[in-house]
Amino acid sequence: MKSVHKHGKKTQMDALIISSAFLHVFLSPYTKVEESFNLHATHDTLFYGIKNSALENYDHFIFPGAVPRSFLGSIVLAKLSWPLIYTLNTYDLISSKADVQLCIRLTLASINVLSLCILRRAIKKQFGFSTAMIFVLLTSTQFHLPFWMGRTLPNMFALPFVNVAYALLISRQHYYYRPKPLNVKAALSLLIFAAVVFRIELALLLAPLALQVLYNRWLSFGRLVKTCLVSGILSICITTLLDTRFWRSPTPLWPELHSLLFNVLGGNASQWGTLPAHTYFTSFLPKLLLTAFPLSILGFFIDSRVRGFLVTAILFISGMSILGHKEWRFIIYCVPIANIAAARGCVWLIHQRAHPLLRKLFFLFVLGCITVNLSLSAVLTQVSMHNYPGGVALSRFNEIYSNKDEVHVHISNLAAQTGASLFLQVHSPPYLSSLSLRTNTNIKVNHNWVYNKTENLSPVEITSPKSGFTHAIVEVEDEPTQQLKVFLTNSNWRKVECISAFDRFRVRRGKSVEGSTNIWDWIPRLEFVYTEKLCIVERI
């Protein structure tokens with residue numbers, strides 16, 4: 014009976030992680046430009062297949078110029094998503110390609126959740142149930158990791174490999190000083206594969222970890238070198254053979270090496286902006302970890318078992334800090350390890366042999382940290398829900414004109430970058446029927462719809478009678494831009510609907526209201542300010 018009770022608690026902890034990830038997928042179903050390559054690659058492999066004759070339909074050939082990334086993650090994601098897509102369609106729960114996008118994101122979120130559950134089991138085995146439970150609470154109440162686990166970034170394809178690798182290194186009984194050699198070799202192989210195929214910056218995490226393996230004598234130098242060489246060569250062969258074909262490269266193509274040469278050695282990454290060297294430690298980590306940030310520092314000092322892993326993470330972040338261009342997603346792999354350290358810090362506080370009142374205060378402090386995480390995540394979730402105007406605009410456009418047979422809409426750059434993905438082009442090929450699925454009768458397959466994302470077209474060119482455009486999704490600012498003015502001053506075009514999105518926070522000062530006894534009138538409030546970002550216009 015006791016084992017059944019424990020199993021129930023384990024299931025509840027796993028359910029909490031998956032609920033957090035799924036909730037973010039449903040609340041923010043649209044995507045942004047940084048997710049587009051893998052999202053559209055998944056779309057193309059799913060709808061067109063992977064035969065050579067199908068490649069000409071792929072988005073990266075129709076709109077060339079993207080820095081090569083591996084297709085492996087997208088191909089596997091498409092295959093793994095198919096059972097969910099087919100099952101939901103059987104019960105009439107899929108009506109358009111937009112629903113397929115949701116299925117793909119749920120599948121990716123599930124893969125990342127599974128890796129965290131594997132890590133959680135390893136934590137329980139090594140540190141105990143309390144640490145595992147607090148790890149789950151911290152992870153589930155943070156914003157960034159649960160929010161991005163279902164988003165098709167290469168980092169999210171690499172994250173499961175990193176989580177499982179750490180689980181293999183952590184997974185050992187209390188009385189074992191070191192992990193099994195087989196676990197160490199498997200962990201190194203997973204990290205090498207993730208670095209070679211998905212994110213080359215993981216080599217900076219692998220290097221200090223390899224030194225830790227040697228220092229702690231988990232493997233001999235010879236075995237370490239052999240493991241790294243074999244795993245590296247096999248991984249390079251896999252990605253090169255696959256991606257040379259999918260990119261139709263005349264020479265062997267290793268995408269991550271190409272990305273390294275282009276972005277880092279070529280200096281092109283700095284075009285996206287540079288930040289000070291301390292940014293990861295002073296800005297991004299506190300935002301990623303929230304209250305787990307100070308707790309992880311406590312865990313670093315009180316438990317030597319997590320200290321070694323934190324040192325490798327700190328060295329990794331220090332190496333990444335040398336590069337001028339910085340993004341929080343480049344160090345997302347360190348969040349689970351920091352959460353383990355934070356959980357150890359919480360357990361240490363709760364189990365202190367101190368005065369009962371002090372112990373209660375420590376417990377309330379830990380509970381307060383979880384509550385603060387939850388509150389901040391709720392605010393950030395509200396922002397994220399209103400941060401994809403392109404997705405909202407194209408969805409509304411599809412609804413408004415669903416009965417029209419002839420449509421040629423121009424999608425502006427902002428719309429394309431904030432959610433107007435291929436999956437939302439529901440009235441143009443490829444249709445759901447190409448997946449051998451039953452289709453909703455509300456989606457006509459005889460539509461002559463064109464979704465046009467051609468860049469650098471002037472408003473004059475779009476509004477010209479010769480252009481063939483019947484509609485446009487136009488960018489808007491606080492004051493009408495010159496682009497929108499051209500449409501609004503043209504007698505042949507009219508505004509249909511505008512889409513608002515989150516713009517900024519505003520603190521509303523509390524003030525007394527004469528005759529009011531409501532305490533809320535006296536308290537300052539944080540308000541969300543929304544402004545119009547996109548506008549749907551049509552030719553009359």
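Residues in the sequence shown are numbered from 14 upward in steps of one, following the working numbering.
Built from N, CA and C at the ideal position, the CB exists for glycine as well.
These numbers were taken from a predicted model, which means no experiment stands behind them.
The beta carbon of I330 sits closer than 6 Å to the beta carbons of Y293, I344 from its chain, once the five residues preceding and following it are set aside; these are given in chain order.
The three-state secondary structure of V177, taken from DSSP, is helix. For N168, DSSP records no beta bridge to any residue.
Across the set R133, N276, F160, the C-alpha of R133 shows the shortest separation from the C-alpha of A178. No residue range can be given for V46, since it is assigned to no beta strand (DSSP E) and is classified by DSSP as neither H nor E.
About 4 Å separates the beta carbons of T165 and L52, which is inside the 8 Å limit, making them a contact pair. Where T544 is concerned, the enclosing beta strand (DSSP E) starts and stops at 538-552. Pairing S441 with Y61 gives a Cβ-Cβ distance that is not under 9 Å. Taking C-beta atoms as the reference points, L407 and Y444 fail to come closer than 9 Å. Taken through DSSP and simplified to helix, strand or coil, R236 comes out as helix.
For V422, there is no enclosing alpha helix (DSSP H); the enclosing beta strand (DSSP E) covers residues 419-424. Cβ atoms of A282 and L201 stay farther apart than 8 Å, at about 27 Å. Assignment of N461 by DSSP, reduced to helix, strand and coil, places it in the strand class.
Within the model, the alpha-carbon separation for V405 versus R118 is close to 17 Å.
Taking every protein chain shown into account, the CB of Y43 has 16 or more other CB atoms within 10 angstroms, so this residue is buried.
Listed in chain order, the alpha helix (DSSP H) runs fully inside the segment 270-352 are 298-302, 305-315, 317-334, counting runs of at least 4 residues. Of all C-beta pairs linking the segment 92-104 to the segment 303-318, fewer than three are shorter than 8 Å, placing the two stretches out of contact. Following the DSSP letters along the chain, one finds A67 in no alpha helix (DSSP H), marked with neither H nor E. Of the other Cβ atoms in all chains shown, 16 or more fall within 10 Å of the Cβ of Y346; this residue is therefore buried. Beta-carbon to beta-carbon, S309 and G358 are separated by about 7 Å, close enough to satisfy the 8 Å threshold. Shown here, K193 sits in coil according to DSSP, grouped into three states, outside any helix or strand.
DSSP places S408 inside the alpha helix (DSSP H), whose first and last residues are 402-413.
Looking at the DSSP output, V487 sits in a beta bridge with C548. Shown here, E474 sits in a helix according to DSSP, grouped into three states.
Shown here for A135: same chain residues with a beta carbon closer than 7 Å to its own, the five before and five after excluded, namely A180, I183, S184 in chain order. F142 carries a helical assignment under DSSP once its states are collapsed to helix, strand and coil. Annotation: A79 is outside any alpha helix (DSSP H) and is labelled neither H nor E by DSSP. Of the residues M169, V550, R191, the one whose Cα lies closest to the Cα of A207 is M169.
Distance from the Cα of K198 is smallest, within the candidate group L237, F76, L217, for L237.
Taking the Cα of R521 as reference, the smallest distance to any Cα among R538, W285, V422 is reached at R538. Distance from the CA atom of F500 to the CA atom of I131, rounded to whole angstroms, is 55 Å. With contacts defined by Cβ atoms closer than 9 Å, P194 and L232 form a contacting pair. If you look at V509, you'll find it in the beta strand (DSSP E) that goes 506-521. Buried is the label assigned to I213, since at least 16 other Cβ atoms lie within 10 Å of its Cβ.
Comparing alpha carbon positions, the residue from I147, H291, Q284, E412 closest to T304 is I147. Here K22 carries a helix assignment [DSSP, helix/strand/coil].
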